[in-house]
Amino acid sequence: MKTYRIAAIPGDGIGGEVISAGVEVLQALAQREGRFGVTVDTFDWGGEYYKAHGRMMPENGRDLIRHHNAILFGSAGHPEIPDHVTLWGLRLAICQPFDQYANVRPTRVLPGITSPLRNVAGGELDWVIVRENSEGEYAGVGGRVHQGLPIEAATDVSMFTRAGVERIMRFAFRLAQSRPRKLLTVVTKSNAQRHAMVMWDEIATAVAAEFPDVAWDKMLVDAMTVRMVMKPQTLDTIVATNLHADILSDLAAALAGSLGIAPTANINPEGAFPSMFEPIHGSAFDITGKGIANPIGTFWSSVMLLDHLGEAAAARRLMAAIERVTGDTRFHTPDLGGRARTADVTAAVIDAIQGAND
Ligand code: ATP
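Below is the structure:
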């Protein structure tokens, strides 16, 4: 029997609560399927690790997880440590060297969940946002000089390469092609950013020619926020730069009902490195330790993890269990207006996994 090795990195805040729920669910699923096993190695990297060791993960951290089949990540962020230190020291320190250049964020209004948009029924909001995850505004190019002096200067240079844009466009067109509507929206800002974003548009047009069966259009990022709210039915697959997609996907998560539901996958499509799966939300220190974090975002991320491993049947079973549980308001956590606790939702999903007999 095949056994998958998963590296779990709970990180900070509610990360610990939702990742242990996710691991429980993955174990229950493996048991129910009976065709594969899951072993989980947990790494205590994050803010507390930083306070003890002066860094977010050990120097050889990546070597410790390089040969795992996938990574399940919670959240990085600590009230006493600047956000750029936690982000660059852990999440980006894994994503970038592991070349997880495609960040995939599905958004759907699940059964039982109400979108804050009036008149939006379930099927009318079904998107996948593809975020370029290796360069652009997060390239890390820039610097700061003359700190504290009146002549202080600071730059963050967004850097786009032809190779980087081509590969994310191809990934997005392929993903759009695999979905029933075969529809892609390319988000841009080429009216104001007249170098990199113009190249971005040109490459989109060139790659589109390889996918004649995919209908596509181009949208300025500011107009895109309006379209997401006013005409959500007109969108399906969306591709955007690192920063644009970061912002749009938080909006998407809110429109789908809660930040606590949305999943994300950081994919290295070539399989040269493990891919990483994580809920879209952050550390949420306001609810940490209260036992009320919504674990659905982590469960849905686990669906993506299983799909990535090629375990499509297990992925479908878990997604069906999630939808059965969100459909029952007794299992809604406070972020969804309910009173359920993380443990209640986890137990209900495990029950649904065990009860499902498809
Ligand atoms: P970070 O700085 O790590 O991004 P944050 O607290 O600024 O963390 P989020 O963690 O994304 O931002 O959360 C924003 C708000 O959404 C939180 O205050 C929390 O109440 C709510 N929230 C986020 N995730 C969840 C969840 N899984 N379950 C319940 N509420 C959540």
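Residue numbers for the sequence shown, in this note's numbering: 28 to 385.
Beta carbons are placed, not taken as given, at the ideal position from N, Cα and C, and that holds for glycine.
Fair warning: this is a prediction, and the values are worked out from it, not measured in the lab.
Alpha-carbon spacing of residue i relative to residue j, whole angstroms
i, j, result
"histidine 111", "valine 234", "34 Å"
"phenylalanine 358", "threonine 373", "9 Å"
"leucine 282", "glutamate 229", "31 Å"
"leucine 91", "glutamate 179", "40 Å"
"glutamine 58", "glycine 64", "7 Å"
"histidine 105", "isoleucine 314", "14 Å"
"isoleucine 140", "aspartate 362", "11 Å"
"glutamine 381", "proline 138", "20 Å"
"proline 290", "leucine 144", "20 Å"
"phenylalanine 70", "aspartate 378", "28 Å"
"leucine 286", "serine 276", "10 Å"
"glycine 365", "valine 131", "28 Å"
"proline 207", "glutamine 260", "14 Å"
"lysine 29", "aspartate 68", "17 Å"
"glycine 43", "asparagine 218", "43 Å"
"asparagine 293", "proline 177", "40 Å"
"glutamate 60", "arginine 221", "52 Å"
Own chain residues within Cβ distance below 7 Å of residue i, not counting five before or after
i, result
"valine 376", "Val52, Phe326, Ala348, Ile349 and Val352"
"aspartate 240", "Gln204 and Lys209"
"histidine 173", "Glu179 and Ala180"
"serine 185", "Gly163, Glu164, Ala166 and Ala223"
"leucine 114", "Ala103"
"asparagine 96", "Tyr31, Arg32, Ile33, Pro301 and Leu336"
"glycine 2", "Examination of residue 2 is not possible in this model, given that the chain is present from 28 through 385 alone."
"isoleucine 108", "Gly74 and Tyr77"
Best match in the options for proximity to residue i [C-alpha to C-alpha]
i, options, result
"glycine 73", "Ile314, Gly309, His335 and Ala340", "Gly309"
"threonine 188", "Trp227, Glu151, Gly116 and Ala120", "Trp227"
"isoleucine 288", "Pro296, Leu278, Val65 and Gly316", "Leu278"
"threonine 66", "Phe312, Gly139 and Arg32", "Arg32"
"glycine 101", "Pro322, Ala199 and Ala250", "Pro322"
"glutamate 159", "Leu176, Met83, Ala199 and Arg135", "Ala199"
"arginine 135", "Thr264, Lys317 and Ile319", "Thr264"
"aspartate 334", "Ser302, Ala219, Asp378 and Val50", "Ser302"
"isoleucine 98", "Gly49, Arg145 and Tyr77", "Gly49"
"phenylalanine 238", "Leu211, Gln220 and Gly175", "Leu211"
"valine 157", "Leu176, Arg197 and Asn146", "Arg197"
"glutamate 193", "Leu176, Gln220, Arg171 and Thr232", "Thr232"
"glycine 191", "Met251, Ala250, Pro207 and Asn269", "Asn269"
"glutamate 297", "Gly43, Ile195 and Met251", "Ile195"
"serine 328", "Ala311, Ala339, Glu338 and Glu305", "Glu305"
"leucine 56", "Gly175, Asp355 and Glu338", "Glu338"
Own chain, CB closer than 6 Å to residue i, minus 5 neighbours either side, in chain order
i, result
"threonine 248", "For the record, residue 248 in the displayed sequence is valine; it is not threonine. Result list for valine 248: Val214, Lys216 and His271, in chain order."
"valine 330", "Ala342, Leu345 and Met346"
"proline 133", "Val155"
"arginine 368", "Gly318 and Ile319"
"methionine 84", "Trp72 and Leu117"
"aspartate 153", "Arg135"
"arginine 403", "Look at the range of the chain in this structure, 28 to 385, and you will see that residue 403 is not part of it."
"aspartate 385", "Its pLDDT being 47, under 50, aspartate 385 is placed unreliably by the model, and nothing is read from it."
Chain-order list of residues whose beta-carbon lies under 8 Å from that of residue i (same chain, five-residue window excluded)
i, result
"aspartate 183", "Glu164, Val168 and Gly169"
"arginine 89", "Ala120, Ile121, Pro124 and Phe125"
"methionine 246", "Thr212, Val213, Val214, Thr215 and Arg254"
Beta-carbon distances below 5 Å to any heavy atom of ligand 1 define the shell here; list its residues in chain order, please. Gly104, Leu286, Gly287, His308, Gly309, Ser310, Ala311, Asp313, Ala320, Asn321 and Asp362
Enumerated in chain order, which unbroken segments of the alpha helix (DSSP H) with a length of 4 residues or greater are wholly contained in the region 63–100? 74–80 and 88–92
Please specify which runs of the alpha helix (DSSP H), each continuous and at least 4 residues long, are wholly inside the region 251–284, giving them in chain order. 269–282
In chain order, which alpha helix (DSSP H) runs of at least 4 residues are fully inside the region 168–233? 189–205
Start-end ranges of the alpha helix (DSSP H) lying completely within the region 314–350, minimum 4 residues: 323–335
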